[in-house]
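Student: Chains as they are written, first to last, in our numbering: chain X, 16 to 25; chain S, 3 to 217.
Every residue gets a Cβ at the ideal spot worked out from N, C-alpha and C, and that includes glycine.
Following this message is one structure expressed as structure tokens.
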Amino acid sequence: GSEPEGHDEL
Amino acid sequence: MNAFRLAGDITHLISILVLLLKIYATKSCSGISLKTQELYAVVFLARYLDLFTDFISVYNSVMKVVFILSSVAIVWCMRRHRAVKRSYDKELDTFRHYYLVGACFVFALLVHEKFTFQEVFWAFSIYLEAVAIIPQLVLLQRSGNVDNLTGQYVFFLGAYRALYILNWIYRYFTEAKFSRWIACISGLVQTALYADFFYYYFLSWKNNAKLNLPA
Chain X
16 GSEPEGHDEL
Chain S
3 MNAFRLAGDI
13 THLISILVLL
23 LKIYATKSCS
33 GISLKTQELY
43 AVVFLARYLD
53 LFTDFISVYN
63 SVMKVVFILS
73 SVAIVWCMRR
83 HRAVKRSYDK
93 ELDTFRHYYL
103 VGACFVFALL
113 VHEKFTFQEV
123 FWAFSIYLEA
133 VAIIPQLVLL
143 QRSGNVDNLT
153 GQYVFFLGAY
163 RALYILNWIY
173 RYFTEAKFSR
183 WIACISGLVQ
193 TALYADFFYY
203 YFLSWKNNAK
213 LNLPA
């Protein structure tokens, strides 16, 4: 996945 | 999203389902720490402040809502449901969890990725999740024997943490700019807390015996 700024994990 | 991460999320979901099953089927929460459950509710509420500001995927948003609602529902049930409330091991669940909340918040004010409202609360939630299982482990240790569903609940929760570590290792090698040291170090601490429990869980599984934690 792409992850620029926000947190992509739960 | 890699397979470890997906498997981690699914075991996390299973742990919550096992806990809900235990509470609904037996109308009992014996062996379950209300303090740990309260901490998880705080963890999810603090972490998912981005629910309405950062959209990542439908999967992410749905899981966030599920984690918030289920954790709040469990706390509500343990505090308000007449039968469930009666089975709560209040005298065994004496860990002072407010100290954990305070310590984690101070630590988040000091160590965070960015000094913004959301980022400080995100870091706070990561630190708090790392230690939130402590009241639960203390309760199990005090009560000695652990019923099947409670044992499985803690097992799946621990499995979720272990799978997240594999996910980070995988991401570290596959993504160019993967640096999540706050989450990774906290995750390692959190998983290490389960080591003792896992040891006795596998022992009981191997010997086909009831799970017992030595005092």
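(1) So who's on the other strand from residue 214 of chain S, going by DSSP bridges?
(2) Take residue 51 of chain S and list the residues in its own chain whose beta-carbon comes closer than 8 Å to its own, dropping the five residues that flank it on each side.
(3) Find out if the Cβ-Cβ distance for the pair residue 42 of chain S, residue 73 of chain S is shorter than 7 Å.
(4) Check each residue of the stretch 89-122 of chain S: if its Cβ is closer than 8 Å to any Cβ of chain X, include it; give the result in chain order.
(5) Label residue 55 of chain S either buried or exposed according to how many other C-beta atoms from any shown protein chain fall within 10 Å of its C-beta, with 16 as the threshold for buried.
(6) Once the 5 residues before and after residue 174 of chain S are set aside, which same chain residues still bring their CB inside 7 Å of it?
(7) Once DSSP output is grouped into helix, strand and coil, what is the label at residue 72 of chain S?
(8) Return no unless some Cβ of chain X is closer than 7 Å to the Cβ of residue 80 of chain S.
(9) Tell me where the alpha helix (DSSP H) around residue 20 of chain S begins and ends.
(10) Whole-angstrom Cβ separation of residue 239 of chain S and residue 132 of chain S, contact assumed at under 8 Å?
(11) Between S/109, S/85, S/92, S/128, which lies nearest to residue 141 of chain S when the distance is taken from Cα to Cα?
(12) What are the start and end residues of each continuous alpha helix (DSSP H) run of 4 or more residues lying completely inside the stretch 76-103 of chain S, in chain order?
(13) Can you list the residues of chain X that residue 185 of chain S reaches, using a CB-CB cut of under 9 Å?
(14) Would you say residue 167 of chain S faces chain X, with C-beta separation under 7 Å as the test?
(15) So is residue 56 of chain S in contact with chain X if we call contact Cβ pairs under 7 Å?
(16) Beta-carbon within less than 7 Å of residue 165 of chain S's beta-carbon, same chain only, minus the 5 sequence neighbours each way: which residues are those?
(17) With a threshold of 16 other CB atoms inside 10 Å of the CB of residue 128 of chain S, please say whether the residue is buried or exposed.
(18) Hey, how far is the Cα of residue 195 of chain S from the Cα of residue 202 of chain S?
Tutor: By the coordinates alone:
(1) S/147
(2) 119, 120, 123, 124
(3) yes
(4) none
(5) exposed
(6) 180
(7) helix
(8) no
(9) 5-28
(10) What the structure shows of chain S is the stretch from 3 to 217, and residue 239 of chain S is not part of that stretch, so it cannot be assessed.
(11) S/92
(12) 84-88
(13) 22, 24
(14) no
(15) yes
(16) 6, 9, 10, 13
(17) buried
(18) 13 Å
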